[in-house]
Amino acid sequence: MIAWRLGWRNLWRNSRRSLITISAVGCGYAILIVLIGLTVGMAGQMLKNGTGLLMGDLQLHHSDYLPERSLYDTIGSDSSSELEGVLHQLSLYPQLAGRSPRVYGFGLLSTGENSAGARLMGIDPQVESGVSSFLSGLQAGALDDSVERSLLLGDVLARELEASIGSQVAIVTQAADGSLGNDLFQVSGILHTGLSYLDRSLAVLYLKDLQELLALSPDEVHEIAVRIGDPMAADAFAAQLNASENWPANTVAQSWGELAPQLRDYVGLAQGMYGFIILIIGLFTAIGVLNTMMMAVFERSREIGLVAALGMRPLLIVSSILLESLFLGILGLIGGFGLGAWGMSYLTTQGLDLSRWMGEVSMLGTRMDPVLKASWGWDYVLWSALGLLSATLLAALFPAVKAARLNPVQALSAPVEG
Numbered sequence: 076m077i078a079w080r081l082g083w084r085n086l087w088r089n090s091r092r093s094l095i096t097i098s099a100v101g102c103g104y105a106i107l108i109v110l111i112g113l114t115v116g117m118a119g120q121m122l123k124n125g126t127g128l129l130m131g132d133l134q135l136h137h138s139d140y141l142p143e144r145s146l147y148d149t150i151g152s153d154s155s156s157e158l159e160g161v162l163h164q165l166s167l168y169p170q171l172a173g174r175s176p177r178v179y180g181f182g183l184l185s186t187g188e189n190s191a192g193a194r195l196m197g198i199d200p201q202v203e204s205g206v207s208s209f210l211s212g213l214q215a216g217a218l219d220d221s222v223e224r225s226l227l228l229g230d231v232l233a234r235e236l237e238a239s240i241g242s243q244v245a246i247v248t249q250a251a252d253g254s255l256g257n258d259l260f261q262v263s264g265i266l267h268t269g270l271s272y273l274d275r276s277l278a279v280l281y282l283k284d285l286q287e288l289l290a291l292s293p294d295e296v297h298e299i300a301v302r303i304g305d306p307m308a309a310d311a312f313a314a315q316l317n318a319s320e321n322w323p324a325n326t327v328a329q330s331w332g333e334l335a336p337q338l339r340d341y342v343g344l345a346q347g348m349y350g351f352i353i354l355i356i357g358l359f360t361a362i363g364v365l366n367t368m369m370m371a372v373f374e375r376s377r378e379i380g381l382v383a384a385l386g387m388r389p390l391l392i393v394s395s396i397l398l399e400s401l402f403l404g405i406l407g408l409i410g411g412f413g414l415g416a417w418g419m420s421y422l423t424t425q426g427l428d429l430s431r432w433m434g435e436v437s438m439l440g441t442r443m444d445p446v447l448k449a450s451w452g453w454d455y456v457l458w459s460a461l462g463l464l465s466a467t468l469l470a471a472l473f474p475a476v477k478a479a480r481l482n483p484v485q486a487l488s489a490p491v492e493g
């Protein structure tokens, strides 16, 4: 109890210096909260865009489909992986939030004298909207079931073909039965995803129309994209599906992390960055606290020598100085939390609008939002507080030990404070 009282009283003996140090700790804590919040928020946005635009949280394929994406390796191509059986097994899991069967192909699109290669994608729009958001990028029109053989084109691809809504587009492709699939489709929508590789190559058809064009049966698909509640749980869910006794032998579930390892590495790096940020800010905070406590010990050398000569134990001297540092840290954290929370209240709702400088940017195969929003998390708020508090205590340890080892005779000959 004596050490606590000494620590608190000593803190205010030089109130100006103490307030400066408390402010430094508080500013450091506020900066930590904001920087880590922005870093985690950016990683979250990248993950949301990367999985939400098209990929989904995980995907199901025939075991031989990837990486070649062979036209012939479909779910439903044999009795061991019937489409209805796979969809039924998926429906048994409460984590399931949406699933969308898809068919893919590659073909040559032409409108009169203009032609271009394209990636063909067959979907059911009603279930696709529960898995991905790329259809929200429609600039005009939509897949229209009232139009025979309706077609969506990426906006760059449409410009190359000089096609617009209502244009007739001929598609020629290799079919699964060895024949040459070809037919006329009518453009019913123009799509903009923000990813150049999709906007210049993607052609979206109804699932049944592409199955017919590729000579696939209605029970054959190349992919089932799956949405669950938490993308970070995708690895565990994919492993659970693959390990299930009733799971079809030739159907493999892969999480977004397996499908996009670069995105996984980036998200992991961004989420792990806050340890590095805490270390850097903690180092600067420790230097400030060390300077403050060294000055305090120097100014009090005479009285420290006096109480030591009167019999005060070295442990009590160390404790009083460490507790003074602890009070510095706690008061700084209280102020810094308020400042950081105020900054985060703006950054989590309004964000940093970078559209003036960056415009539309894509990275690692996903779109980056021009408005960067922070993400609040009690985990990093608490870890940051513990990191800075530890830094203040460690910084005070050297001055505290130095004070406890002062020679009383030499200390009493030191100049009086003030």
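Just so we're aligned, residue 76 is where the sequence shown starts under my numbering, counting upward by one.
The beta carbon of each residue, even a glycine, is placed where N, CA and C say it ideally should be.
Rounded to whole angstroms, the gap between the alpha carbons of residue 103 and residue 441 is 33 Å. For the pair residue 133 and residue 313, the Cα-to-Cα distance works out to about 7 Å.
Comparing C-alpha distances from residue 299 to each of 143, 361, 151, 93 shows the shortest one belongs to 151.
Separation of the CB atoms of residue 257 and residue 247 is rounded to 4 Å, and the pair is thereby assigned contact status at 8 Å.
Beta-bridge analysis with DSSP links residue 446 to 428.
Residue burial annotation: residue 84 is exposed, with fewer than 16 other C-beta atoms found within 10 angstroms of its C-beta. According to the DSSP assignment, residue 392 belongs to the alpha helix (DSSP H) that extends over 389-422. In this structure the region 335-348 does not touch the region 174-184; the number of beta carbon pairs closer than 8 Å is below three. Assigned with DSSP and collapsed to three states, residue 195 falls in strand. With contact defined as three or more Cβ pairs closer than 8 Å, the region 300-312 and the region 123-132 are in contact. The alpha helix (DSSP H) runs lying completely inside the region 315-358 and spanning 4 residues or more are 331-334, given in chain order. Of the candidates 96, 412, 345, the residue whose Cα lies closest to the Cα of residue 461 is 412. Residue 364 and residue 464 have their C-alpha atoms some 11 Å from each other.
For residue 168, no alpha helix (DSSP H) run applies, since DSSP gives it neither H nor E. In this model, residue 389 and residue 353 are separated by some 32 Å (Cα to Cα).
Per DSSP, residue 257 is one residue of the beta strand (DSSP E) stretching across 255-266. Around the beta carbon of residue 252, fewer than 16 other beta carbons sit within 10 angstroms, so the residue counts as exposed. Under the three-state reduction of DSSP output, residue 179 falls in the strand class.
With fewer than 16 other Cβ atoms inside 10 Å of its own Cβ, residue 318 counts as exposed.
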